[in-house]
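Peer 1: Heads up: the protein sequence lines correspond to chains Y and B, in order.
FYI, in the numbering used here the residues of the first sequence are 6 to 246.
FYI, in the numbering used here the residues of the second sequence are 6 to 246.
In this text, a Cβ means the ideal position worked out from N, Cα and C, and glycines have one as well.
I'd like to ask some things about the structure below.
Protein chains: 2
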Amino acid sequence: MRTVGQMAALAGISVRALHHYEKLGLLPAASRSDSGYRLYAPKDLARLQEILSLRDLGFTLAEIRAWFQDEGHDPHEAMRLQLRRVSERIAGLESLRDALQQVLRRIPPHGSASPEQVVRVVERMKAMKDMERYFTPAQLASVKARGESVGAEGVRVVEREWPELIAKVRAAMASGLPPESAEVLALARRWQELVALFSGGDPDIVRGVERYYQEHPGMAAEMGIDQDLYQYIRSAWSSEQ
Amino acid sequence: MRTVGQMAALAGISVRALHHYEKLGLLPAASRSDSGYRLYAPKDLARLQEILSLRDLGFTLAEIRAWFQDEGHDPHEAMRLQLRRVSERIAGLESLRDALQQVLRRIPPHGSASPEQVVRVVERMKAMKDMERYFTPAQLASVKARGESVGAEGVRVVEREWPELIAKVRAAMASGLPPESAEVLALARRWQELVALFSGGDPDIVRGVERYYQEHPGMAAEMGIDQDLYQYIRSAWSSEQ
DNA sequence: CTTGACCCTGACGTTGCGTCAGGTCTTACA
DNA sequence: TGTAAGACCTGACGCAACGTCAGGGTCAAG
């Protein structure tokens, strides 16, 4: 017969945990001393090891209790279910990790990033996930491959250039420059280069993005693009052909 | 000015969550109506989106509050820390997944596995992890490669054969058969074959296992091996040379 | 004026214990 | 044999992020 302290030391857990297991009905002490001390039999130690093993495999204490109580339950099946749960959690955390890496790649390293900037990046990433429904897996793979060939630094540069370019186009439009003017033509060419950088020249990809912007005016506004501006730049590059 | 219900619907969360954020000081309502209804300004919605973005990145609500309050904190650094935390959790879950797969491979598929069997497998796996400290990474890699070349089914067969073989040796010893007898010699040869199957003939690996058993008599007892039995089988195969 | 939809606060439940708080028991030492 | 240090007891709060009642006002439509 061992006391709680001895059991805890042998199993490498806390006395409090043993109290807890007892309250849950997982491991009641074999008996009590006259003064009320918990006394554990040798087989209780084995049982405790079993409990801890199952706990380490990620089962909840309630599940472990069921494990011992239910006679007609299938350990193999339980393990398979547990494996599925763990795999799902891993998948979730992996996509979270990817998201964090994306954000890290897109914000400057020192204290120069404001919280709002970070949040905007995250919002954009959510929009990108939403956008994925507009493309086939093959198209997505193509865009991804293109992004990798450009490199992380390249992507960052391009993402900084976009808003500048859009601002210039808007300024040109506001100042009444005709789309056929040389300045606007230069902007239009650069626009097409940037588009080609991720579309790879696939017109379906470009159309998918257009469709997305049309159906999500909020996102378009966020980028500083509206119908007028897009028509303006389009007429610029169509005038070139 | 929006009500809680409107805010919740727009953000895709529950009214209760908004109550919670308010209690934490994360997002107090801009004002209250005469009757005490929460009223939110447009900028509150933006703030809420920010909160939810950061929450989706895995930050706790307390961290998010600090994120907005602390002026002099570095978002980039915070993201890096968060990435590390997530990566660590993934690593932990991956080793858990591996453990579950090991267990699954080692127990029979139908309801025929008893809970105790499962627990024994888990205990052995913990012992194996402990055992890893006795070997160099190169040795561990070698053992692992050997296990893979044998295949999962082969490993299972061998693991079932070991206790049988040990039992036979013990029976022979108990019945007084001399180690040089033909029967014991056959057992000794099979023993060496099984040892060679994971050691690959590397004597350092064998010595590591011996050392482990000497320093963990409990584990040896679990396997049914003691000093006498090991001496017996050793004298059998040394008599052969 | 009623009814249904919406809002309020307060409080308990979840998971696996950690961490006091206040009091009893045991044991070793003077 | 007295006492002080440990070890033990029960009870209760805390944590993270809300879900889910409970009990009771408020608002808009019919």
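1. What three-state label does DSSP hand L86 of chain Y in the structure shown?
2. Identify each residue in the segment 161 to 185 of chain B for which the Cβ-Cβ distance to at least one residue of chain Y is less than 7 Å, and report them in chain order.
3. I'd like to know whether the C-beta atoms of V123 of chain B and M84 of chain Y end up nearer to each other than 9 Å.
4. When Cβ atoms are compared, which residues of the segment 32 to 66 of chain B fall closer than 8 Å to chain Y?
5. Name, please, each residue of chain B whose Cβ falls closer than 9 Å to the Cβ of I112 of chain Y.
6. At a CB-CB cut-off below 7 Å, which residues of chain Y make contact with E99 of chain B?
7. With burial defined as no fewer than 16 other Cβ atoms inside 10 Å of the residue's Cβ, what is the status of Q87 of chain Y: buried or exposed?
8. Since L15 of chain B meets chain Y, which of its residues come closer than 8 Å, beta carbon to beta carbon?
9. Just checking: is the beta-carbon of H25 of chain B within a distance shorter than 9 Å of some beta-carbon in chain Y?
10. For my contact list, A177 of chain B and E166 of chain B are in at a C-beta cut-off of 8 Å; report their separation, rounded to the angstrom.
11. H221 of chain B touches chain Y at which residues, Cβ-Cβ below 9 Å?
12. Helix, strand or coil: how does DSSP classify S36 of chain B here?
13. Can you list the residues of chain B that R212 of chain Y reaches, using a CB-CB cut of under 9 Å?
14. Quick check: what's the CA-CA separation for V144 of chain Y versus M224 of chain Y?
15. Using CA atoms only, rank isn't needed, just tell me which of Y:R212, Y:S38, Y:D231 is closest to M136 of chain Y.
16. Can you look up L29 of chain Y in the DSSP assignment and give me helix, strand or coil?
17. Whose CA, out of Y:A16, Y:I69, Y:W72, lies closest to the CA of D49 of chain Y?
18. Can you confirm whether Q106 of chain B, when its beta carbon is compared against all beta carbons of chain Y, has any partner nearer than 9 Å?
19. Leaving aside the five residues before and after R216 of chain Y along the sequence, list all residues of the same chain whose C-beta is less than 7 Å from its C-beta, in chain order.
20. Determine, using beta carbons only, whether Y80 of chain B and P120 of chain Y come nearer to each other than 9 Å.
21. Give me the Cα-Cα distance between R94 of chain B and E185 of chain Y, rounded to the nearest whole angstrom.
Peer 2: Reading off the structure:
1. helix
2. none
3. yes
4. Q54, E55, S58, L59, D61, L62, G63
5. P80, H81, M84
6. I95
7. buried
8. Within chain Y, no residue comes near L15 of chain B; the closest Cβ sits about 12 Å away, beyond 8 Å.
9. no
10. The pair is not a contact, with the Cβ atoms about 16 Å apart (cut-off 8 Å).
11. Ordered by position in chain Y, no residue passes the 9 Å Cβ test against H221 of chain B, which lies about 15 Å from the chain.
12. strand
13. Those within 9 Å of R212 of chain Y in chain B number zero; the least Cβ separation is about 29 Å.
14. Looking at the sequence shown, residue 144 of chain Y is not Val but Gln. If I take the Cα positions, the gap works out to 21 Å.
15. Y:R212
16. coil
17. Y:A16
18. yes
19. Y139
20. Reading off the sequence, residue 80 of chain B comes out as Pro, not Tyr. Yes; because the gap between Cβ atoms is below 9 Å, this pair is in contact.
21. 56 Å
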